[in-house]
Amino acid sequence: MTKNRHQTPQSAYIHIPFCEHRCAYCNFTLIANRQDLVPAFLEAIDRELQTLGQAMPIQTLFLGGGTPTYLSESELNQLFDSLDRWLPRQPHHETSVEANPNDISPAKLQLLTNRQVNRLSLGIQSFDNTKLRALDRSHTSDQCFASVQLTREWLDNVAVDLIFAAPGETQSTWQRDLETAVKLGVQHLSTYGLTFERGTRFWSDLQKQRIHRSEEDAELSMYRAAIATLTSAGFEHYEVSNFAMPGHRCRHNEVYWQGKTYFAFGPGAARFVDGQRETNHRSTTTYLKRMQQGSSPTAESETLADEDYARERLVFGLRRLEGIQFEDFHRDTGYSLESIGGAALRRYLQSGWLEISQDTIRLTRQGLFISDALWPDLLVAENANECAT
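The working numbering applies: residue 17 is where the sequence shown begins, and numbers increase by one.
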């Protein structure tokens, strides 16, 4: 019962908050053009890692941001020295690093591979210059092509992020992005519809009607095109937004989706250890100040109740297209799907958005297209005695 949430973490996330430029749609924890803060950040990360008290061997390590490759080769080496000391990687590990196309060079790739990085995730977003400008990206189409081609010379696990439904984007532009990624031979693709987050420049522009959202039907058509194009090219559609060639799923993200525990370090980083969820201060300067003072970087902390954990496990599990096995869910949470999903699950089954097959509940194709609308009800679902089958 609830064994996942009390296991010693085998995964760690490191948040690198630095970026050359904050894109107009981005609400992530980052700080732009503050190279002067990098030395203090590297010291702070090392201090936070020391709170582990002892080396903790891990199976997956993910460096995200921000832009980890904003750091120079010597700065990355210093970071990995700290990581190797406190988070030694076990055999057959997965070590992922997010990167911007304009940061990729042979020297940086050599350093990363020397430091056991075996998966690079490139924030391409589009291969089209007009769309890149519309998204306020700082790189060009040529840099996108060059970064993928160069990275593939060094690594056999290359991931790419693409955004669809950008302002003014057409179906044909999106189709070209998909086909280009396939032709370049990447092993993993994440596709995201553009969102307008409060506090971003895009949010402000939307309120002032300087830009407009894509029509819902157009956005759905682009998502359908991603599924059709990528699955026909041999990719497994294994999570709502993620596609992988066989054997190249993101093992680190699977940790989140399966409700397992994980360490996390850096500004805004959220960890889940022994049933406790903690989130560090989002402000990079506040994080640095706290670490310099020897105080905790934690801004929020909660003990996740068993039932809340089960509800989150249900939602994240249904995002995986394989779905959730009834027996596994009960073993991992101590609850039955029926007692947690209740009326919402029954309603979605009757509506054809979910299906049950061989003791597994999963999204149908129809449910996949509206999945974001299903999760809120499941997180507060009314309890019921049994689930319709």
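Note that the Cβ used here is the ideal one computed from N, Cα and C, for glycine as well.
Please work out which residues of its chain come closer than 8 angstroms, Cβ to Cβ, to Gln-187, disregarding the five sequence neighbours upstream and downstream, and give them in chain order. Ala-234, Ser-237, Met-238, Ala-241
For Thr-129 and Arg-267, the rounded distance between their alpha carbons: If you draw a straight line from the Cα of Arg-267 to the Cα of Thr-129, it comes to about 18 angstroms.
contact_flag[the stretch 205-215, the stretch 164-182] where n(CB pairs < 8 angstroms) is 3 or more: With the rule of 3 Cβ pairs closer than 8 angstroms, the stretch 205-215 counts as touching the stretch 164-182.
Measure the alpha-carbon distance for Ile-140 versus Cys-160 and round it to whole angstroms. 6 angstroms
Between the CA atoms of Glu-255 and Glu-402 - distance to the nearest angstrom: Annotation note: pLDDT 40 at Glu-402 (below 50); position unreliable, coordinate value reported separately. Whole-angstrom Cα-Cα distance: 27 angstroms.
Does DSSP put Pro-73 in a helix, a strand or coil? The DSSP-derived three-state label of Pro-73 is coil.
Output the distance between the C-alpha atoms of Thr-380 and Gly-339, rounded to the nearest integer angstrom. 10 angstroms
So Leu-285 and His-31 are supposed to be a Cβ contact under 8 angstroms. How far apart are they, rounded? The sequence as given places Ala at residue 285; Leu does not occur at that position. The pair is a contact, with the Cβ atoms about 4 angstroms apart (cut-off 8 angstroms).
Pro-25, buried or exposed, once every other Cβ within 10 Å from all chains shown has been counted against 16: buried
Would you say the beta carbon of Lys-305 comes nearer than 7 angstroms to a heavy atom of the ligand SAH? Annotation note on the ligand SAH: not contained in the displayed structure, which lists no ligands.
Taking the CB atoms as reference points, tell me whether Thr-300 and Leu-87 lie closer together than 8 angstroms. no
Quick check on the DSSP output: the alpha helix (DSSP H) that includes Thr-45 runs from which residue to which? It is not in any alpha helix (DSSP H) - Thr-45 carries neither H nor E in the DSSP assignment.
Taking Asn-93 as the reference, which of Ser-112, Met-72, Leu-58 has the closest Cα? Leu-58
Report the residue ranges of all alpha helix (DSSP H) runs contained in full by the stretch 84-120; include only those spanning at least 4 residues, in chain order. 89-102
Using a C-beta cutoff of 8 angstroms, does Gly-282 count as contacting chain C? As a matter of chain content, chain C is missing from the structure shown, which is built from one protein chain.
If I measure Cβ to Cβ from Thr-247 and keep anything under 6 angstroms in the same chain, skipping five residues before and after, which residues do I get? His-253
Quick check on the burial criterion: 16 or more other C-beta atoms within 10 angstroms. Buried or exposed for Lys-147? buried
In the structure shown, what three-state DSSP assignment does Asn-145 receive? Helix at Asn-145.
Among Glu-91, Leu-171, Leu-205, which has the Cα closest to the Cα of Ala-249? Nearest Cα to Ala-249 within the set Glu-91, Leu-171, Leu-205: Leu-205.
Quick one, which of Phe-342, Ala-115, Asn-118 has its alpha-carbon nearest Glu-354's? Phe-342
Please check the pair Arg-38 and Leu-77, which I expect to be a contact at CB under 8 angstroms, by giving their CB distance rounded to whole angstroms. About 25 angstroms separates the two Cβ atoms, so there is no contact after all.
Three-way DSSP call (helix, strand, coil) for Ile-30 in this model: strand
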